[in-house]
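Protein chains in written order, with my numbering: chain A, 937 to 1240; chain B, 124 to 465; chain C, 38 to 279. First the structure, in the form of structure tokens, and then the observations on it.
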């Protein structure tokens, strides 16, 4: 029983991370059909924002020394800021081009951000101790669960609820949902394109920052490649969930988290290193019977 | 048949001119005669092979693939398995099947075998992936790259996991690479004027019309996918023989980025663009490398930090996409009288 | 007083010229019908005024200001409400959310609330289904929704592309009755695209006839609709055509 509970918590906390990542991708895809390959590097940027630039092997913690109530808003602001800056400097100029061109541009931008970090901090992973006491276990129904897992899950749920409220109950949210479904029509009703898109980028950047904070606490390292894996899973989740569907992306994120955790348990030990490979293969396989993802968004017919 | 002959006579100038350009580059290496410069030219030839391989799929189908470097990885390891001396293999890669462990093949067998292996694997992936289209297809190719990388980074007994596989026979003569590059350009050209290539380009520009006229898009895409994987796999094998060492991370996002950027800068829809993009960006990379090592200007040594090279390429790529989304060459090909529409 | 003037605008889609030097003027409180055969450039003209396609030549002025080159949202915010062809409802939003989208740009919330009541009183079926997704509505109800949504913005000018397309005759009558009533009560100006001239003849107002991207004829709707010139201009697409 307690073992099952442990697996459930593992699945939920991994799924939370994937769901938040997928949401960051899906939000931007929704309003401008951009698959943002710079998302993972935005995460890495948020982590390195805690350190002072230096190519030494040891990390010089700078902003990371701030108390949590200051550090969290600071990192969220860094994520939002970088993301909005990407839109203003780069993506705005690609508004009228096709999604493939925009996608390659974001791929290039991701590399620019990554090598900018490499230039300032070198490519060596650095260890950084952020809230490591969260790794201590707490007892829930007889199972010993790391406190960080609990916090991750609670944070993810809180973010999802807040975002749902924002999208369903506020003017901005209404405009964003309308813009995601039919951007031109929304503009003809007076919805300001630039504002909605910038807001989507800001939210996406904050989600990247949230994922970055969780990741760095979990792993205790800052690595310029650290966002790559989550971003890939997030992409896959948005495809599985149906491109453009936010609930679909979240659900698929949790689903992939669950599949990965279950595989970790059921795979024989010698096959465990290939867990991620199995996950990717499983995901590609689902695309055989559902090429448009598990959920079809209601507005999918209008899109290509 | 007559139609085919007329296409051939109208377009044959393109591969001939590109071949002459490559010959000029090879002669340049011969004239310079220095070891490091020789290696640089070999690098350029290998990149031309990889980017032409990318062109065969991306240029003709219009579907962006982030996964093709996976085939390069497959090719590089395949030739390593076949050509490393058996005693070394038994030490480093004991998990290989017996007949492979005993094999000691020359590189001119290893490279084609690697290309065929990559094409075979591409056939299986393509069967699934080519049913997807647009963005979803691109993301799935990215997942394929990660899948291949994960397997090769973890299969200790067979790939040596993340540690380097050494002992691949090194070939320092530029000629095998030169010939292989000519072959790659010829394959790229032949595919682009083939019935399949023409149908795929028509479908790229007018999907509905092509589908209505009976073009089986997934089938033609699969064909392009397999042929391009053949070229990418061969390129990977040649890379392995040019440096003698392979690791899985050599064939991951970094190489994907560089080769995609070369194709984008030259022009995604054009074979000439693929070749010219490589030559142009390789030159820029070479100059930046020089500066990374440090260039003496009078008494001061000017050095630029690591990373500037990639940042510069990324910025060039973004600016090209903004100003000329079809690349420098656009959808044209070189001909006797300058450029013509492809 | 002139509300909208389109002067000699040209629009191209690639090599295809959709509008070649089209002009029109529209006075406050007027009804102007734009008719013409398929491909005459009627919808392109609407899109050009709305700012969705950019003209390569000519100018457009609305309420005395030049609007050509401005963004669709800016033009909408000046009081131009567009109902494009194809009834573009937001299918994943509820009916009320669709309507509320139009309110956003208005300063006076009280007026907006009154407008919501007015729209519901014009189209009671929308009130009874207001919390359902708009995608679930029938074609006729979706047409009511997009017209209602356009009204929510409190526009000076409302442009409707083919309001009667795919609707039952009874529903078309209702829609037109409502539009004329709005013109009479709140002084709404109407720009209506219809392929056939039948409606123009019944409703009255002014009419222009477009052909191959140009304004071919202009005049009183009733007179023009029954004239031989129109039939000739249509080249067989007479008033019964479609």
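Ideal Cβ positions, reconstructed from N, Cα and C, are used throughout, including at glycine.
Quiz prompt | Rounded straight-line distance, which links the Cα of residue 376 (chain B) to that of residue 1236 (chain A) | solution = Interpretation of residue 1236 (chain A) is limited by its pLDDT of 42, a score under 50 that renders its predicted location unreliable; the figure taken from the coordinates is listed afterwards. Distance from the CA of residue 1236 (chain A) to the CA of residue 376 (chain B), rounded to the nearest whole angstrom, comes to 31 Å.
Practice problem: Taking only beta-carbon positions, decide if residue 1127 (chain A) is within less than 8 Å of chain C. | Solution: yes
Quiz item: What is the DSSP secondary structure of residue 197 (chain C), reduced to helix, strand or coil?
Solution: Assignment of residue 197 (chain C) by DSSP, reduced to helix, strand and coil, places it in the strand class.
Exercise. Flag residue 397 (chain B) as yes if its beta-carbon sits less than 8 Å from any beta-carbon of chain A, otherwise no.
Key: no
Self-check item: From B:286, B:299, B:256, residue whose alpha carbon lies closest to that of residue 232 (chain B)
Solution: B:299
Quiz item: What's the C-alpha gap between residue 241 (chain C) and residue 257 (chain C)?
Solution: Rounded to whole angstroms, residue 241 (chain C) to residue 257 (chain C) spans 8 Å at the Cα level.
Self-check item: CA nearest to the CA of residue 956 (chain A), picked from A:1160, A:1203, A:1187
Solution: A:1187
Practice problem: Report the partner residues of residue 170 (chain C) according to the DSSP bridge assignment. | Solution: Answer by DSSP bridge pairing, in chain order: C:131.
Quiz item: Which residue from A:1094, A:982, A:995, A:1028 puts its Cα closest to that of residue 1009 (chain A)?
Solution: A:982
Quiz prompt | Cβ-based neighbour list, residue 1049 (chain A), same chain, cut-off 8 Å, excluding 5 preceding and 5 following | solution = Within the same chain, residue 1049 (chain A) has close Cβ partners 974, 977, 978, 980, 981, 1018.
Quiz item: Roughly how many whole angstroms lie between the Cα atoms of residue 439 (chain B) and residue 219 (chain C)?
Solution: 56 Å
Practice problem: Classify residue 969 (chain A) as helix, strand or coil using the three-state DSSP reduction. | Solution: coil
Exercise. Pick helix, strand or coil for residue 260 (chain C), following the three-state DSSP scheme.
Key: helix
Quiz item: Rounded to a whole number of angstroms, what is the C-alpha to C-alpha distance between residue 1122 (chain A) and residue 433 (chain B)?
Solution: 39 Å
Quiz item: Name the chain A residues that come within less than 9 Å of residue 185 (chain C), Cβ to Cβ?
Solution: Result: empty, since nearest Cβ-Cβ is about 12 Å, beyond 9 Å.
Self-check item: Helix, strand or coil at residue 132 (chain B) [DSSP, three-state]
Solution: helix
Exercise. Name the residue from B:198, B:297, B:206 whose alpha carbon lies nearest to the alpha carbon of residue 271 (chain B).
Key: B:198
Self-check item: Whole-number beta carbon distance between residue 426 (chain B) and residue 415 (chain B), since they are thought to touch under 8 Å
Solution: 7 Å
Self-check item: Residue-chain proximity (residue 262 (chain B), chain A), Cβ-Cβ < 8 Å
Solution: yes
Quiz item: What residues in the segment 416-433 of chain B bring their beta carbon closer than 7 Å to a beta carbon of chain A?
Solution: Taking 7 Å as the upper bound on Cβ-Cβ separation, chain A lies near residues 428, 429, 430, 431, 433 of the segment 416-433 of chain B.
Exercise. Could you work out which residue in C:263, C:158, C:231 is closest to residue 78 (chain C) when comparing CA atoms only?
Key: C:231
Quiz item: What's the gap between the Cα of residue 141 (chain B) and the Cα of residue 307 (chain B)?
Solution: 11 Å
Quiz prompt | Chain-order list of residues whose beta-carbon lies under 7 Å from that of residue 174 (chain B) (same chain, five-residue window excluded) | solution = 382, 385, 386, 397, 400, 401
Practice problem: Compute the Euclidean distance between the alpha carbons of residue 75 (chain B) and residue 344 (chain B), then round it to the nearest angstrom. | Solution: Since the first residue of chain B shown is 124 and the last is 465, residue 75 (chain B) is not available in this structure.
Quiz item: Taking any Cβ of chain B, which residues in the segment 973-1003 of chain A have a Cβ under 9 Å from it, in chain order?
Solution: 973, 991
Self-check item: residue 1008 (chain A), DSSP secondary structure in three states
Solution: Under the three-state reduction of DSSP, residue 1008 (chain A) is assigned to helix.
Exercise. Give the straight-line distance between the Cα atoms of residue 1233 (chain A) and residue 1044 (chain A), rounded to the nearest whole angstrom.
Key: Since pLDDT at residue 1233 (chain A) reaches only 47, below the 50 mark, its modelled position is unreliable, and the value read off the structure follows with that caveat. Their backbone Cα atoms lie some 29 Å apart in a straight line.
Self-check item: DSSP beta-bridge partners of residue 244 (chain B)
Solution: The partner list for residue 244 (chain B) (beta bridge, DSSP) is empty, contrary to what the question assumes.
Exercise. Note down the Cα distance separating residue 238 (chain C) from residue 262 (chain C), rounded to an integer number of angstroms.
Key: 6 Å
Quiz prompt | Cβ separation of residue 226 (chain B) and residue 205 (chain B), assumed to be a contact under 8 Å, to the nearest whole Å | solution = Contact flag correct, Cβ pair sits at about 6 Å.
Practice problem: Determine contact between the segment 1063-1076 of chain A and the segment 1163-1172 of chain A, defined as no fewer than three beta-carbon pairs at a distance below 8 Å. | Solution: Judged by Cβ distances under 8 Å, the segment 1063-1076 of chain A makes no contact with the segment 1163-1172 of chain A, as fewer than three pairs qualify.
Practice problem: Closer than 7 Å by C-beta to residue 168 (chain C): which residues in its own chain qualify, once you throw out the five before and the five after it? Chain order, please. | Solution: Answer for residue 168 (chain C): 131, 133, listed in chain order.
Quiz item: Are the beta-carbon atoms belonging to residue 195 (chain B) and residue 348 (chain B) less than 8 Å from one another?
Solution: no
Exercise. List the endpoints of the continuous beta strand (DSSP E) containing residue 984 (chain A).
Key: First-last for residue 984 (chain A): 975-984, but that is the alpha helix (DSSP H), not the beta strand (DSSP E).
Quiz item: Using the rule of at least 16 other Cβ atoms within 10 Å of the residue's Cβ for burial, across every protein chain shown, is residue 132 (chain B) buried or exposed?
Solution: exposed
Practice problem: Could you tell me which residues DSSP puts in a beta bridge with residue 243 (chain C)? | Solution: C:69, C:257
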